[in-house]
Each structure stands twice: as structure tokens, then as C-alpha cells.
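Chemist: Residue numbers (the numbering used here), protein chains in the order written: chain A, 46 to 261; chain B, 46 to 261.
Protein chains: 2
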Amino acid sequence: MSKLRCHISISADGFVAGPNQSEAEPLGEGGEQLHDWVVSLAAWREPHGKQGGEVNESTPIMEESLENVGAGVMGRNMFGPPGGGDWGDGEWKGWWGDEPPFHYDVFIVTHHPREPVEMEGGTTFSFVTDGIETALQRAKESAGGQDVMLSGGAEIINQYLAAGLLDELDLHVVPVLLGGGARLFEDLGDAEVALEQVRAVDAPGVTHVKYRVSTA
Amino acid sequence: MSKLRCHISISADGFVAGPNQSEAEPLGEGGEQLHDWVVSLAAWREPHGKQGGEVNESTPIMEESLENVGAGVMGRNMFGPPGGGDWGDGEWKGWWGDEPPFHYDVFIVTHHPREPVEMEGGTTFSFVTDGIETALQRAKESAGGQDVMLSGGAEIINQYLAAGLLDELDLHVVPVLLGGGARLFEDLGDAEVALEQVRAVDAPGVTHVKYRVSTA
Numbered sequence: 046m047s048k049l050r051c052h053i054s055i056s057a058d059g060f061v062a063g064p065n066q067s068e069a070e071p072l073g074e075g076g077e078q079l080h081d082w083v084v085s086l087a088a089w090r091e092p093h094g095k096q097g098g099e100v101n102e103s104t105p106i107m108e109e110s111l112e113n114v115g116a117g118v119m120g121r122n123m124f125g126p127p128g129g130g131d132w133g134d135g136e137w138k139g140w141w142g143d144e145p146p147f148h149y150d151v152f153i154v155t156h157h158p159r160e161p162v163e164m165e166g167g168t169t170f171s172f173v174t175d176g177i178e179t180a181l182q183r184a185k186e187s188a189g190g191q192d193v194m195l196s197g198g199a200e201i202i203n204q205y206l207a208a209g210l211l212d213e214l215d216l217h218v219v220p221v222l223l224g225g226g227a228r229l230f231e232d233l234g235d236a237e238v239a240l241e242q243v244r245a246v247d248a249p250g251v252t253h254v255k256y257r258v259s260t261a
Numbered sequence: 046m047s048k049l050r051c052h053i054s055i056s057a058d059g060f061v062a063g064p065n066q067s068e069a070e071p072l073g074e075g076g077e078q079l080h081d082w083v084v085s086l087a088a089w090r091e092p093h094g095k096q097g098g099e100v101n102e103s104t105p106i107m108e109e110s111l112e113n114v115g116a117g118v119m120g121r122n123m124f125g126p127p128g129g130g131d132w133g134d135g136e137w138k139g140w141w142g143d144e145p146p147f148h149y150d151v152f153i154v155t156h157h158p159r160e161p162v163e164m165e166g167g168t169t170f171s172f173v174t175d176g177i178e179t180a181l182q183r184a185k186e187s188a189g190g191q192d193v194m195l196s197g198g199a200e201i202i203n204q205y206l207a208a209g210l211l212d213e214l215d216l217h218v219v220p221v222l223l224g225g226g227a228r229l230f231e232d233l234g235d236a237e238v239a240l241e242q243v244r245a246v247d248a249p250g251v252t253h254v255k256y257r258v259s260t261a
């Protein structure tokens with residue numbers, strides 16, 4: 046069955062982005078450190094057109110995150126910079142250049158309607174204005190039996206958690222304290238979200254913890 | 046050199062005790078789950094006079110936590126139930142019975158002066174009213190060159206973190222969401238606390254992550 050999976054880097058104090066996110070600092074103050082472990086990997090650098098990089102205990106984790114994924118869902122705050130509703134002149138096409146690294150269709154949950162944007166490399170960005178359930182349904186249809194990857198940010202992950210729609214959560218816990226920012230596991234309301242630890246992996250500068258998620 | 050070390054169980058959402066701590070529920074609502082991994086261990090049950098128990102990947106972690114410790118420090122909220130200043134009639138002697146499991150002297154940071162209480166098994170509880178630095182100094186003197194163990198709760202750990210006095214932090218991350226309670230890594234003020242990941246261990250129902258702590 047097609048699952049909704051989420052991979053996200055998180056600080057030891059529970060933030061997936063630092064304080065004061067902006068167009069200049071989309072991950073907030075200090076937030077770039079959350080991705081040091083992944084951008085140092087050869088497995089990340091090669092598909093991003095960069096040479097060199099490390100092979101270590103994080104490599105199979107990163108490779109697994111790419112397997113059997115047929116579509117993506119993300120929040121509006123992950124697709125574009127804070128503020129600006131439809132991203133200024135409506136020409137905003139995400140942070141990832143003309144050929145985004147997804148190579149599958151991505152559904153963006155937003156309050157602002159917009160026509161789909163077809164990118165190079167197999168990704169069309171579609172904008173879903175009627176909620177997270179519709180976005181997931183459309184992504185599952187697009188995924189053709191494969192899984193759907195939920196990219197973030199914190200707010201939409203928390204919404205999917207609260208709605209009982211997330212199946213797997215891979216946290217990449219980075220030894221840094223951000224002291225503020227976008228907090229995971231917040232605003233879950235009365236949802237009784239249960240986690241089952243599937244595995245934990247010790248890697249350089251990061252601990253990978255995989256949880257199976259269910260709701261009572 | 047004598048180090049200040051801390052071992053603490055923490056929920057995936059960052060709480061070391063659940064909401065509404067009370068004498069009936071000293072770990073707050075749901076907080077008991079944080080200790081399921083340890084009370085199931087033979088290495089915990091034997092010194093607590095109980096039979097049976099498991100031997101698993103958590104066993105060496107628990108054994109290591111007992112090695113080379115010569116004294117302890119804890120917060121007032123860990124020694125006694127919330128409220129009550131000097132714990133009612135002044136006869137409160139902690140949660141651990143006549144022979145507490147520490148077998149070393151423990152220094153309790155509190156605002157309420159009280160004479161030391163000598164227990165069976167090698168522990169005297171002393172009450173320190175002039176702050177965390179004095180408590181640590183007295184514990185180090187008592188430890189005779191061995192390390193000092195900081196037991197908790199969250200508030201005093203955060204104080205030692207903010208003061209740059211903690212050397213090692215072992216988090217035992219439990220796959221449960223408490224949704225509220227006593228949060229670690231809070232109220233650190235302007236302290237620039239740096240964590241270095243020493244190791245992570247995958248164990249049944251818990252991930253053990255050891256950090257070396259320093260301040261800029």
C-alpha cells in the first residue's frame with residue numbers, strides 16, 4: 046500500500062528550521078547546520094552536479110529516502126520564502142532551479158490558487174488549496190502505487206501527524222541547539238499519535254531515527 | 046578531571062516529564078513511559094531487589110552510567126513532590142526508600158535550608174541553598190576525583206547547561222509524545238551551548254545518544 050513518508054533534519058532541541066526564516070535564510074538562523082550531514086555526502090552531491098563527497102553510515106539512509114517514491118507533498122513555507130502569498134510576481138518556481146531534484150510531481154498545500162508549473166526533469170508543481178487530505182489524495186494518484194514523500198516544513202508535518210495520515214517519520218537528529226524556530230511535534234491537539242522506533246543509526250554528526258507512526 | 050555528567054530519558058518531543066507533575070504522578074501524565082526501557086533491564090532490577098529482566102543493547106549503557114560516579118546533584122523537584130517548600134513535615138527523605146540506589150552523597154539545590162539527612166547505603170542528602178555552582182563544588186569535593194552525576198529534572202539541567210558547567214549529556218530518547226511537561230534545552234538565555242555527538246545506540250524502545258557539551 047502506498048505510504049506517506051517524511052524525512053526531516055531536526056536539531057537536538059526539536060527545531061526543523063531556526064528562528065527568523067527569510068528569503069535570505071530560508072532555514073532560519075543557524076538552520077543550514079541541519080543539512081551539513083547530507084550535503085557532505087557523495088550520494089547527495091552527485092545528483093546535484095557536484096563532485097566528491099563522503100560515503101559513510103548516512104549514505105544508505107539517504108539512498109533509502111529516494112527509493113519507491115512516486116510523488117511529493119510540501120507546505121507553502123517550504124516551496125517559497127515567507128510572506129508574499131503567491132510569491133511576488135507569480136514567477137517563483139521554488140528554491141531548486143529549473144530542474145528540481147525530485148523527478149516526480151509535487152503538490153504544494155497553500156491558500157493561494159495558482160496554475161501548475163511544469164519543470165524540467167519530471168516534476169510539475171501543483172498548488173492545492175483545499176487542504177492536506179486532498180493534497181495527499183492527489184499525490185497518491187500521481188504516485189502510481191509508490192509512496193508519497195512529505196518534505197516539510199514543520200507546520201504541515203504537524204498537520205499530517207495530527208490528522209493521523211503520516212505512516213513513517215525519519216528524523217535526522219543533528220547535534221546543534223537552535224534555541225527557537227519551527228518546532229516539530231507541536232499543535233497536535235487531541236490527536237493520540239503513537240511512535241514505534243524502527244531503527245536508529247549512528248552516523249558522523251547525525252543520529253538517524255526511523256519511527257512508524259499510528260494514531261489511536 | 047572530574048566531570049559533570051547527566052543521564053536523562055526524554056520523549057521524542059523533548060520532555061523529560063509529562064504535564065501536571067504531582068506527588069501521585071511525579072513524572073507527570075504519561076511520564077512513566079520514559080523509564081520503561083530501564084526498569085525492564087536485569088541490570089536495573091537486580092540492584093532494586095527485583096528478579097528477572099532483560100539483557101539487551103541498553104545494558105552496557107546503563108552500566109556505563111554507574112561507572113566512576115562519586116557524588117550526585119539534583120534539583121529540588123526531583124528530590125520531592127511539587128509544592129511544599131520543605132516537603133510538609135520536614136520528614137520527606139526522597140522517593141527512594143531508606144536505602145536510595147545512589148550509594149554516594151547527593152546535593153540538592155533548593156531555596157529551603159535543611160539539615161543533611163543520612164540514609165542507609167552510603168548516601169547523605171545535603172541541601173544547598175546558594176546555587177548550582179556551590180552544589181557542584183561540594184559534590185566534586187565529595188566525589189574524590191570521580192565524576193558527579195546530575196540527575197535532573199529539566200530545570201536544573203537547563204541551568205547547568207546555560208552556565209556552561211555540564212560536560213556530558215546522555216539522552217535516552219523514547220518513542221513517545223508527551224505533548225507538554227518539563228522541556229529540556231529551554232531557557233538557555235544567551236549561552237552558546239555546543240553539542241558534539243559521541244555515539245548513538247539503537248536499543249529496544251529507546252535510542253541512546255551521548256553528547257559532549259561545551260560553551261563558546
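C-beta atoms are modelled at their ideal positions from N, C-alpha and C, and glycine is treated no differently.
It should be emphasised that the depicted structure is a prediction, and the values quoted were computed from it without experimental measurement.
Does any CB atom of chain A fall closer than 8 Å to the CB of V254(B)?
Modeler: The sequence position of residue 254(B) within the second sequence is 209, counting from 1. Interface residue, yes.
Chemist: Answer with yes or no whether the minimum CB distance from E74(A) to chain B is below 8 Å.
Modeler: Mapped onto the first sequence, residue 74(A) falls at position 29. Not closer than 8 Å to any Cβ of chain B, the Cβ of E74(A) fails to qualify, so no.
Chemist: Inspect the beta-carbon positions of L214(A) and Y149(A) and report whether they are closer than 8 Å.
Modeler: As a position in the first sequence, residue 214(A) is number 169, starting the count at 1. As a position in the first sequence, residue 149(A) is number 104, starting the count at 1. Going by C-beta atoms, L214(A) is not nearer than 8 Å to Y149(A).
Chemist: Tell me the DSSP bridge mates of H253(B)?
Modeler: As a first step, residue 253(B) must be located in the second sequence, where it is residue number 208. Paired residues: H217(B), V246(B).
Chemist: Tell me, please, which residues DSSP counts as bridged to R228(A).
Modeler: Here residue 228(A) refers to the residue found at position 183 of the first sequence. According to DSSP, which records beta bridges pairwise, R228(A) is partnered with F60(A).
Chemist: State the Cα-Cα distance for the pair A88(B) and H253(B), rounded to the nearest angstrom.
Modeler: As a working mapping, residue 88(B) is identified with position 43 in the second sequence. As a working mapping, residue 253(B) is identified with position 208 in the second sequence. For A88(B) and H253(B), the distance between alpha carbons rounds to 16 Å.
Chemist: Kindly say whether E241(B), judged by its beta-carbon, lies nearer than 8 Å to any beta-carbon of chain A.
Modeler: As a working note, residue 241(B) is residue 196 in the second sequence. Chain A, which has a Cβ nearer than 8 Å to the Cβ of E241(B), makes this yes.
Chemist: Tell me which residues share the same chain as H217(A) and place their Cβ nearer than 6 Å to its Cβ, disregarding the 5 neighbours each side in the sequence.
Modeler: Position 172 of the first sequence holds residue 217(A). Closer than 6 Å at Cβ, skipping near neighbours: S54, V251, H253.
Chemist: In angstroms, rounded to a whole number, what distance separates the CA positions of V61(A) and E109(B)?
Modeler: Translated into the one-based positions of the first sequence, residue 61(A) becomes position 16. Translated into the one-based positions of the second sequence, residue 109(B) becomes position 64. Roughly 31 Å separates the two Cα atoms.
Chemist: Residues in its own chain within less than 7 Å of T179(B) by CB, not counting five upstream and five downstream?
Modeler: By 1-based counting over the second sequence, the position of residue 179(B) is 134. Result list for T179(B): V173, in chain order.
Chemist: Measuring straight from C-alpha to C-alpha, what distance separates H52(B) and K185(A)?
Modeler: Locating residue 52(B) in the second sequence gives position 7, counting from the first residue. Locating residue 185(A) in the first sequence gives position 140, counting from the first residue. If you take the alpha carbons of H52(B) and K185(A), they lie about 43 Å apart.
Chemist: I need the boundaries of the beta strand (DSSP E) containing T169(A), first residue and last residue.
Modeler: Within the first sequence, the letter at position 124 stands for residue 169(A). Taken as a continuous stretch (DSSP letters only), the beta strand (DSSP E) holding T169(A) covers 169-173.
Chemist: By the criterion of Cβ-Cβ separation under 8 Å, what are the contact partners of G59(B) in chain A?
Modeler: The count along the second sequence starts at 1 and reaches residue 59(B) at position 14. What G59(B) touches in chain A: D58, G59, F230.
Chemist: Can you confirm whether R244(A), when its beta carbon is compared against all beta carbons of chain B, has any partner nearer than 8 Å?
Modeler: The residue given as residue 244(A) occupies position 199 in the first sequence. Taking Cβ atoms only, chain B reaches closer than 8 Å to R244(A), which makes this a yes.
Chemist: With a threshold of 8 Å, are at least 3 pairs of Cβ atoms found where one atom belongs to the segment 89-102 of chain B and the other to the segment 229-239 of chain B?
Modeler: No contact exists between the segment 89-102 of chain B and the segment 229-239 of chain B.
Chemist: Which term fits T169(B), buried or exposed, when burial requires 16 or more other beta carbons within 10 angstroms of its beta carbon?
Modeler: The residue you call residue 169(B) lines up with position 124 of the second sequence. Burial call: exposed.
Chemist: May I ask which residues mark the beginning and end of the alpha helix (DSSP H) holding A69(B)?
Modeler: Here residue 69(B) is taken as the residue at index 24 of the second sequence, counted from 1. Careful: A69(B) lies outside any alpha helix (DSSP H) and carries neither H nor E.
Chemist: Rounded to a whole number of angstroms, what is the C-alpha to C-alpha distance between V162(B) and L86(B)?
Modeler: Taking the first residue of the second sequence as position 1, residue 162(B) is located at position 117. Taking the first residue of the second sequence as position 1, residue 86(B) is located at position 41. In a straight line, the C-alpha of V162(B) is about 30 Å away from that of L86(B).
Chemist: Show which residues of chain B have a CB atom less than 9 Å away from the CB atom of V221(A).
Modeler: On the first sequence, position 176 is the one that residue 221(A) refers to. Residues of chain B passing the Cβ test: A239, L240.
Chemist: Assuming contact is defined by CB atoms lying nearer than 8 Å, are T155(A) and R121(A) in contact in what I supplied?
Modeler: Sequence index remark: in the first sequence, residue 155(A) carries index 110 (1-based). Sequence index remark: in the first sequence, residue 121(A) carries index 76 (1-based). Yes, Cβ-Cβ distance for T155(A) and R121(A) is below 8 Å.
Chemist: So which residues on chain B does D247(A) lean against when the C-beta distance must stay under 9 Å?
Modeler: Within the first sequence, numbered from 1, the residue matching residue 247(A) stands at position 202. Near D247(A) (Cβ distances below 9 Å), the residues of chain B are Q242, R244, A245, V246, D247, V254.
Chemist: Whole-angstrom Cβ separation of L79(B) and L210(B), contact assumed at under 8 Å?
Modeler: Here residue 79(B) is taken as the residue at index 34 of the second sequence, counted from 1. Here residue 210(B) is taken as the residue at index 165 of the second sequence, counted from 1. The Cβ separation is near 24 Å, so there is no contact.
Chemist: Can you check which of these residues, I201(B), G115(B), M164(B), is closest to L229(B) by C-alpha distance?
Modeler: For the purposes of this step, residue 229(B) is taken as residue 184 along the second sequence, with counting starting at 1. Here the closest residue by C-alpha is I201(B).
Chemist: For R34(A), which three-state DSSP category applies?
Modeler: Absent from the structure is residue 34(A), since the part of chain A shown begins at 46 and ends at 261.
Chemist: Does N203(A) pass the burial test, meaning 16 or more other C-beta atoms within 10 Å, or should it be called exposed?
Modeler: Translated into positions along the first sequence, residue 203(A) becomes position 158. Under this definition N203(A) is a buried residue.
Chemist: Please report the straight-line C-alpha distance between V246(B) and G190(B), rounded to a whole angstrom.
Modeler: Reading the second sequence from its first residue, position 201 is the one you call residue 246(B). Reading the second sequence from its first residue, position 145 is the one you call residue 190(B). If I take the Cα positions, the gap works out to 28 Å.
Chemist: Taking just the CA atoms, how far does Q242(A) sit from I106(A)?
Modeler: Counting from one through the first sequence, the residue named residue 106(A) turns up at place 61. Counting from one through the first sequence, the residue named residue 242(A) turns up at place 197. Rounded to whole angstroms, I106(A) to Q242(A) spans 15 Å at the Cα level.
Chemist: Whose Cβ in chain B lies nearer than 7 Å to the Cβ of G224(A)?
Modeler: Position 179 of the first sequence, counted from the start, is the residue given in the question as residue 224(A). Correct list: L233.
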